[in-house]
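If you number the sequence shown the way my numbering does, the last residue is 616 and the count never jumps.
A quick write-up on the structure given underneath.
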Amino acid sequence: MDHVDNPKIHLRDYLPSCDHGNVLITSMNAGLQDAIEHSLEIQDMNPDEGTELFLKHAIKGSKSQAQKEQAAKIAQELYYFPLALVHAGAYTRQQNCLFTYLGRLESQRKQLLSNDFNQSMDRYRKSVYATWNLSWNLLSESSKTLLEICSHFHYENIPQKLFEEAIKNIDSIQFEENVLEITSYSLLYINSEGLYTIHPLVHQWLRDHMGNRIIQGVQGVTAMAVTDRSPKNYKFFQQLTPHFKRLGCNRNNDPAVSLAIGGMWYVARNYDLALELWEPLLEVFHRYLGASHDDTLLHIDNVGMTLLEMERYRDVFGLWQPLLEASKKFLGEEHPDTLTRAQNLANTLRRMGRHNDALNLEQPLLETSKKVLGEEHPDTLTRVQNLANTLRSMGRYNDAVNLEQPLLETSKKVLGEKHPDTLIIVQNLAYTLGRMGRYNDALNLGQPLLETSKKVLGEEHPYTLTRAEILLNTLRSMGRYNDALNLGQPLLETSKKVLGEEHPDTLGRAQNLANTLRSMERYNDAVNLEQPLLETSKKVLGEEHPDTLIIVQNLAYTLRSMGRYNDALNLEQPLLETSKKVLGERHPDTLGRVQNLANTLRSMCNVDISKYPDI
């Protein structure tokens, strides 16, 4: 019995009741496994099997190496799907087009996969698409709609949570029945984590079958699923990233959809995509709501936070300085939103290296926050932490610790020991203690913090990864290089998996691993990490980005440690000029680069230092 796919058929009615003989059944309905005694699930072919099947139908007799290599490429393009391979083999033999088939497939995929073939070696005549059309015609209308929605996403790992908002408006039992019906025809698969997957060729068939008929509606529905931008949704938003890119959500004219999906990109740390959606909305808010409307001011906050995360400090400053003045004017100097904007501006000044300006904002801000909100209000606690951050950036570690230690006790009392904000305070205190050289104290905080973070937030949460990185730095500073290496290597792999190989945090962790290798005097291993890391950073962040400049400096330091002074010099001279231009001549990083260049020149001994007036 071939292609017993319709789940409405009661198969038992068609089986003989005798106790001898065998019945062989082929079906795409996985539910039949419960109705028969023995079953075998046939997975997709592996590359060698797929190539061999294609060649069997494409070429008679011996095959050249070039033909085998081309067949392997075609099999891979067809995802080793047996029916597609059989039809492609028959077509290439009929048309004598082995070496031009991929080009035809790219331009005429729908036509090629829709054609029936009469000259195949077996008796099955239906095309690849026609086979799935048979199943499609048996689906209920609601199941067809669900499958059509899924076709607009990436074909792998579609989270069910994406549909939860939509399910609220329909019968959830009906939704589950639709999913069961679709899976019974093997048009959809569900893994143990509740993620939906469609075979790539089925996905392409759906796209060819449906086109973009409901794409705007799908964008609107999916925007409903990402309105909660709390950190708890980080993993979910990460899962959505390939689907929203596939859906083309950054090409939407609906401001509400752009606002929601921009928020999803922001939480998922895809800041460039968030900015792409949010920046054009600035004009929309100003035009329709006015410059003084709360929503306009809040959206400027959103764009500013995105630019801040992208380290575009000058752009942020130009946005937030007038925003603070507008907030004072329209809301009042002591309004909570005005206080938040003053803090945001201070954070920007600190990141620009303008520590005194930041301090002059933060000290009176903290006093106002205590007066307006109270000493134990969460926002006041955050402002104490930000003031401590500025003091730490200025090298005033004792002053920072004197703020952070009582702050931690207050946070434990007010928010609880495992509250995310309390964990951030522990993290910052550990970092400050490490900067002071109090490594044992930092370690005593950092180790239990990492374990708590794994338990509370999960091992792959960005905050957990950051805490592992701080602990790694502490271990390296203590000379415990092997322990640091054992932490740093898996941390880098996790960061690549969770955030991507080109994410700025991943680049920073690659640099930390290189620093550890350098400390162990494994200079070649460090250079082998740092050289490609520098090229990636130039491509992703830009040649003048502050993080790229740090990578250049570290590579130069490694080269100097290897005795490759000329190579180090060739990096450090243009680095110093770029640092002056980007950060300013008096920025601490620029001054450090002057010192590093001097150290390289001193190491070279015979260099005429009069040629370097900056030194």
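Just so you know, even glycine gets a beta-carbon here, dropped at the ideal spot from N, CA and C.
How long is the line joining the alpha carbons of residue i and residue j, rounded to whole angstroms?
i, j, result
"V457", "T423", "12 Å"
"A77", "K69", "Note on identity: in this sequence residue 77 is Gln, with Ala being the wrong assignment. Distance between the alpha carbons of Q77 and K69: 12 Å."
"E544", "M353", "18 Å"
"S1", "S28", "The chain is shown only over 2 to 616; residue 1 falls outside these bounds and no answer can be derived."
"H11", "L33", "10 Å"
"E522", "R603", "21 Å"
"A599", "R561", "12 Å"
"L450", "T517", "22 Å"
"G447", "L577", "35 Å"
"P533", "A557", "14 Å"
"S259", "C151", "20 Å"
"V5", "N134", "15 Å"
"D49", "A73", "8 Å"
"T383", "W321", "19 Å"
"N390", "L290", "36 Å"
"E502", "L332", "43 Å"
"Y482", "D548", "24 Å"
"W137", "Y80", "21 Å"
"E194", "L41", "23 Å"
"G564", "V583", "29 Å"
"Y524", "Q512", "13 Å"
"I552", "R594", "12 Å"
"Q239", "P491", "20 Å"
"Y440", "A469", "15 Å"
"D484", "M437", "21 Å"
"L388", "A401", "8 Å"
"W266", "T242", "8 Å"
"G480", "K540", "33 Å"
"P8", "A31", "9 Å"
"I471", "L486", "13 Å"
"L103", "R13", "44 Å"
"D568", "N529", "15 Å"
"G417", "G585", "42 Å"
"L16", "M2", "10 Å"
"K57", "N192", "33 Å"
"L106", "Y186", "26 Å"
"N571", "T601", "11 Å"
Under DSSP, the alpha helix (DSSP H) around residue i begins and ends at which residues?
i, result
"L283", "272 to 289"
"T559", "547 to 562"
"H356", "356 to 374"
"S65", "Here S65 belongs to no alpha helix (DSSP H), and DSSP marks it neither H nor E."
"K111", "102 to 115"
"H153", "Looking at the DSSP string, H153 is not in any alpha helix (DSSP H), and its letter there is neither H nor E."
"K31", "For the record, residue 31 in the displayed sequence is Ala; it is not Lys. A31 -> no alpha helix (DSSP H), and no H or E assigned at all."
"A292", "First-last for A292: undefined, no H or E at that position."
"M605", "589 to 605"
Report back the beta-carbon spacing between residue i and residue j to the nearest angstrom; my notes put them in contact at under 8 Å.
i, j, result
"H300", "L283", "7 Å"
"E334", "Y272", "Not confirmed; about 31 Å, so no contact."
"T223", "L298", "That belief does not hold up - the Cβ atoms of T223 and L298 are roughly 27 Å apart, past 8 Å."
"L54", "V87", "7 Å"
"H504", "R208", "29 Å between Cβ atoms; not a contact."
"A359", "L350", "4 Å"
"E573", "N597", "6 Å"
"T1", "R397", "What the structure shows of the chain is the stretch from 2 to 616, and residue 1 is not part of that stretch, so it cannot be assessed."
"L374", "P337", "7 Å"
Could you check where the beta strand (DSSP E) with residue i kicks off and where it finishes?
i, result
"Y80", "Segment: none, Y80 is in no beta strand (DSSP E) and carries neither H nor E."
Can you tell me which residues form a DSSP beta bridge with residue i?
i, result
"I191", "Y197"
"I159", "Y197"
Quick check: residue i and residue j, are their CB atoms within less than 8 Å of each other?
i, j, result
"L409", "V385", "no"
"I216", "Y156", "no"
"V285", "P256", "yes"
"T475", "G435", "yes"
"A89", "S115", "no"
"V1", "I262", "Coverage of the chain is limited to positions 2 through 616, which leaves residue 1 absent and any answer about it impossible."
"L514", "T507", "no"
"T465", "S478", "no"
"L362", "L340", "no"
"I183", "L140", "yes"
"T307", "A275", "yes"
"L148", "L188", "yes"
"L99", "Q71", "yes"
"N429", "E405", "yes"
8 Å is my cut-off, CB to CB: does residue i come that close to chain B?
i, result
"S193", "Chain labels in this structure do not include chain B; a single protein chain is all it has."
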